[in-house]
Structures are given as C-alpha cells and as structure tokens.
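**Q**
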Amino acid sequence: MEPIMMIFCLLFFIIFCLRKLVFQKREACCYMMAYECYEAPEDRKLDTDTCARIVLRNKNLGLQEHKFLLKTIVSSGIGEETYGPRNVIPGQEDSPTLKDSISELDDLIFDTLDKLFAKTGISPSEIDILVVNVSLFSPAPSLTARVVNRYKMRSNVKPFNLSGMGCSASIVAIDLVQHLFKSYKNAFAIVVSTESLGSNWYQDRKIHDALKLPPPFRRLLNALHKQQCFKTSSYLQIEACRAYASWLKRRGLRICCIQVADDLGYKGFLLAKSLKISAANVLRVLLPKILPLSEQLRYVYVSRQQNKTKRNSFQEMGAGLNLKTGVDHLCVHPGGRAIIDEAGKGVSAQHETCPWPTEAQKPVVS
Numbered sequence: 001m002e003p004i005m006m007i008f009c010l011l012f013f014i015i016f017c018l019r020k021l022v023f024q025k026r027e028a029c030c031y032m033m034a035y036e037c038y039e040a041p042e043d044r045k046l047d048t049d050t051c052a053r054i055v056l057r058n059k060n061l062g063l064q065e066h067k068f069l070l071k072t073i074v075s076s077g078i079g080e081e082t083y084g085p086r087n088v089i090p091g092q093e094d095s096p097t098l099k100d101s102i103s104e105l106d107d108l109i110f111d112t113l114d115k116l117f118a119k120t121g122i123s124p125s126e127i128d129i130l131v132v133n134v135s136l137f138s139p140a141p142s143l144t145a146r147v148v149n150r151y152k153m154r155s156n157v158k159p160f161n162l163s164g165m166g167c168s169a170s171i172v173a174i175d176l177v178q179h180l181f182k183s184y185k186n187a188f189a190i191v192v193s194t195e196s197l198g199s200n201w202y203q204d205r206k207i208h209d210a211l212k213l214p215p216p217f218r219r220l221l222n223a224l225h226k227q228q229c230f231k232t233s234s235y236l237q238i239e240a241c242r243a244y245a246s247w248l249k250r251r252g253l254r255i256c257c258i259q260v261a262d263d264l265g266y267k268g269f270l271l272a273k274s275l276k277i278s279a280a281n282v283l284r285v286l287l288p289k290i291l292p293l294s295e296q297l298r299y300v301y302v303s304r305q306q307n308k309t310k311r312n313s314f315q316e317m318g319a320g321l322n323l324k325t326g327v328d329h330l331c332v333h334p335g336g337r338a339i340i341d342e343a344g345k346g347v348s349a350q351h352e353t354c355p356w357p358t359e360a361q362k363p364v365v366s
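Pasting the structure below:
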C-alpha cells in the first residue's frame, strides 16, 4: 500500500508542478487585444506639388541638399497619400509654438484612442496602466495627464510618460507593461507611441550629412494588453528583451543618436556613424535569447574548427549563424541603409547564406 501511495503522491506532485509552470508561462506572456494607427485628415495631405513647395521655400538648401531630399523621397516610397504636421503646410515650420506641438499630439492621440475604444468596446475607466512615448516633446503637465483628464480615467490608473529614449522606446514601453503585469493581475494597459514632427523640423543644409528631419517612419501605435485574454487577443508577445549598451562608451561610441543644434543654431537629430556599430554589437548580445541551444552549440563548434584550420571565411564551413532556426521574421529598424547592412553583418547574415533578414527594410531607405 505504501508504494502505491508514494507513486500517487509523486504523480500528484508532478502534475501540480507542471500546472504551475503552465500558468506561470501564461501569466508571463503579454496579449495584444487590438491596435490602431493614426490617419490624418485630408487637409494635412502632402501631394507631390505641396512637398516640392515645402522644400523649395527653404532658402538654406543648395543643389546637393535638393538631390538628397529627392532621392530620399523617391526611395522611401513617400507618395500622394503622405501627411504632414499642420504647422508645416502653411509655412510655419521655422517658428513652431508650444500650442502647435500640443495641438498636433492632441489630434494624434485623442483621435486614435477614440477609434481604439470604439473598436474594442472597452471603457476608458477600465484602463489600469497607461504608457505614452514621445521622444522629442515632453510638456508639463505630461501627455499622460492630458489623456487621463480627457477620458476621465480612474484616479488609481498607473500613468507613465517616456521621453528622450528614441525609436527603441516603443519596445521599452511594451517591456514596462509586461513587468507591471507581474504585479497587477488581469489588468488592461494602453501603450501610445508617436513623435512630435512639427516642432522638430530641421531648417538648415546639413540634411545630407548627419542632421536629419524627424524620421517619417515613426507612426502612432496604440495597444491594449490584458493577461488571461488569450482567446480574444490578436497577438501574443512571448518575451521582450532589450540591451542597454552603456558598455559601448568604453569604446568611444558614446554618441549614437542625439538632438543637437548646428553651427547656426538650428535644432536637428544627429545620427552618428557609430550608430551602425552599436546596432551590430547589441544585436549580438540579443541573439542568444532567440536562437535555440543547438544552433549556438553548432556555431561555437564550427567557429573553433575554423580557427584550427586557419580558414578566413566562415561561409566556407557554414559557420554563419542560421537565424531561421529561431526567427521567422526579422525586422531591423530602418534608420538608414548603413544601419541595416551593419546589423546584417553583425549576425553573419550575408546575402549568400541568409538573404532574407534585411530584404524588407532596404527598399525603404535604398
């Protein structure tokens, strides 16, 4: 009788542990119920003629800058359905006001949230966590305060306002929500991510060098998340992983992306040449998180064999990392062709061995 009881208790303990692991794994996931992208009204549409007038009225631009802008507009796919900030269309981009910036973001955020609430049928009073990410604009009161007041959210809502964190802040916001879900069970969260373009319109002629316009690929993204809503969710985030590359400072890569004024006092956004090196190095840090152990062991083994045989090329021995073993789709931030190329080199994703990782991003910036 005692052996039977011991076996029964052991089976019960195993089932209990497995059940606990399953529920812990489920609670660690982040379910995206819906998302909404902003679509500007027709009066903010920039057709080809309007874009040409905006470029030509800037007297600081020369022939080289006009060639650069023409190449950028053509290769990025900007067409007749492109929209711009309200203060830029009438020619007020050289003297933006605080009112212009707030009005621009109010239109962006409120219009999109209205559609999101209507799509999901969720009331603003049900929201537990609110995260707003705008990198280059941080007014007081904060943008989260404006959202809370506009929609009369609960007094115990958890608001977070992210700024100055660049294009990676969208991932930071999702990561923040995922960690908060560990403390607030069965909670709703909204993530709002956009950028203020009208107040950061660059006016001088260093566009082709390092100072650029606010990136046109930054769009507004709203997401609703809730734990234990796996049956009605559109997407499931299994894991969020990010690397803060402070260790790159020791290698002289301190400045990658920075808002700075040029010699004439015009504010712009500087993308330094060290950015592509930083992107490749950080990607190497993240790869062990997404590739299976078998692929990592294969890579280590073949790499050592390559060192012993003194071969110069990893491709001769197939030592390049095979991202397809752990990734179905790889999305590289399209900040520039050099960034995309360097990120591909950072994981040995050459065209001969693995042509797919960057093919979707290159047409945007080529």
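Numbering (the UniProt record's numbering), first residue to last: 1 to 366.
For every residue, glycine included, the Cβ atom is placed at its ideal position computed from N, Cα and C.
Exposed or buried, M5, counting other C-beta atoms within 10 Å across all chains shown (16 or more means buried)?
**A** Result: exposed.
**Q** Let's test the definition: count the other Cβ atoms within 10 Å of the Cβ of I14 and tell me whether it reaches 16, buried, or not, exposed.
**A** By the neighbour-count rule (16 or more Cβ atoms within 10 Å), I14 is not buried but exposed.
**Q** Once the 5 residues before and after R44 are set aside, which same chain residues still bring their CB inside 7 Å of it?
**A** Once the five neighbours on either side are set aside, the close Cβ partners of R44 are Y83, G84, R86 and I89.
**Q** Based on Cα-Cα distance, which residue from K59, P96 and C51 lies nearest to V74?
**A** Among K59, P96 and C51, the Cα nearest to that of V74 belongs to C51.
**Q** Classify V109: buried if its beta carbon has 16 or more other beta carbons within 10 angstroms, exposed otherwise.
**A** One point to set straight first is that residue 109 is Ile, not Val, in the sequence displayed. It counts as buried.
**Q** Under three-state DSSP, which class holds N58?
**A** Residue state, collapsed to three classes: coil.
**Q** Once you ignore the five residues that flank F160 on each side, which residues in its own chain have a CB closer than 6 Å to its CB?
**A** If we look at F160 and ignore the five residues flanking it on each side, its Cβ neighbours are V131.
**Q** Would you identify the three-state DSSP class for I127, choosing helix, strand or coil?
**A** Note: I127 maps to coil in three-state DSSP.
**Q** Just curious, the beta strand (DSSP E) that F68 is in, first and last residue?
**A** Run containing F68: none in the beta strand (DSSP E); it sits in the alpha helix (DSSP H), L63 to S75.
**Q** Which residues bound the beta strand (DSSP E) around L236?
**A** Where L236 is concerned, the enclosing beta strand (DSSP E) stretches over Y235 to Q237.
**Q** In the DSSP assignment, find the alpha helix (DSSP H) that holds S193 and state where it starts and stops.
**A** Counting along the chain, S193 falls outside any alpha helix (DSSP H), though it belongs to the beta strand (DSSP E) covering F188 to T194.
**Q** Looking at C-alpha atoms only, which residue of M153, D107 and P41 is the closest neighbour of P124?
**A** Here the closest residue by C-alpha is M153.
**Q** Tell me whether the region 156-174 and the region 102-122 touch, counting them as touching only if at least three CB pairs, one residue from each stretch, are closer than 8 Å.
**A** The answer is no - the region 102-122 does not touch the region 156-174, with fewer than three Cβ pairs under 8 Å.
**Q** For the region 187-194 against the region 127-143, do three or more pairs of beta-carbon atoms, one drawn from each stretch, fall closer than 8 Å, so that the two count as touching?
**A** Cβ pair count under 8 Å is three or more, so yes.
**Q** Whose C-alpha, out of L176, Y31, V260 and L21, is nearest the C-alpha of L236?
**A** The candidate whose alpha carbon is nearest that of L236 is Y31.
**Q** Indicate whether Y202 and K267 have their beta-carbon atoms separated by less than 9 Å.
**A** In contact: Y202 and K267 (Cβ atoms closer than 9 Å).
**Q** Does the beta-carbon of D100 have 16 or more other beta-carbons within 10 angstroms, so that it is buried, or is it exposed?
**A** The residue is buried, with at least 16 neighbouring Cβ atoms inside 10 Å.
**Q** Would you call the region 59-71 and the region 164-178 touching, i.e. three or more CB-CB distances under 8 Å?
**A** Not touching, per the Cβ criterion.
**Q** For I258, does the three-state DSSP call read helix, strand or coil?
**A** Strand at I258.
**Q** G265: buried (16+ other C-beta within 10 angstroms of its C-beta) or exposed?
**A** Looking at its Cβ environment, which holds fewer than 16 other Cβ atoms inside 10 Å, G265 is exposed.
**Q** Out of I102, E104, K182 and R57, state which residue places its alpha-carbon closest to the alpha-carbon of D94.
**A** When only C-alpha atoms are compared, the closest one is R57.
**Q** Under 9 Å between the Cβ atoms of G166 and S135?
**A** Their beta carbons are under 9 Å apart, which means G166 touches S135 by this criterion.
**Q** So which of Q305, T48, L11 and I258 has the shortest CA-CA distance to G79?
**A** Selected option, being the one with the closest Cα: T48.
**Q** Helix, strand or coil, according to DSSP, for residue 371 in the structure here?
**A** Nothing about residue 371 can be read from this structure; the chain reaches only from 1 to 366.
**Q** Could you name the residues of the same chain whose beta carbon sits closer than 6 Å to that of K324, not counting the 5 residues immediately before and after it, in chain order?
**A** Around K324: no qualifying Cβ.
**Q** Give every residue of the same chain whose Cβ lies closer than 8 Å to the Cβ of S103, excluding the five residues on either side of it in the sequence, and list them in chain order.
**A** For S103, where only same-chain residues beyond five positions count, the Cβ hits under 8 Å are R86.
**Q** State yes or no: is the C-beta of F137 within less than 9 Å of the C-beta of E195?
**A** The answer is yes: Cβ separation under 9 Å.
**Q** For E36, count neighbouring C-beta atoms within 10 Å of its own C-beta (all shown protein chains included) and say buried if the count is 16 or more, exposed if not.
**A** Flag for E36 reads buried.
**Q** Please report how far the alpha carbon of P216 lies from the alpha carbon of V148, in whole angstroms.
**A** Legend: pLDDT at P216 = 39, less than 50; position of this residue unreliable, value from coordinates given subsequently. The alpha-carbon atoms of P216 and V148 are separated by roughly 28 Å.
**Q** Is it the case that the Cβ atoms of E259 and L270 are separated by a distance below 9 Å?
**A** The question names Glu, but residue 259 in the sequence shown is Gln. Contact flag set, yes.
**Q** Where does M32 sit, in a helix, a strand or coil, going by DSSP?
**A** In this structure, M32 counts as strand in the three-state DSSP scheme.
**Q** In chain order, what residues of the same chain have a beta carbon less than 6 Å from the beta carbon of S142, not counting five sequence neighbours either side?
**A** Excluding sequence neighbours, S142 sits near N161.
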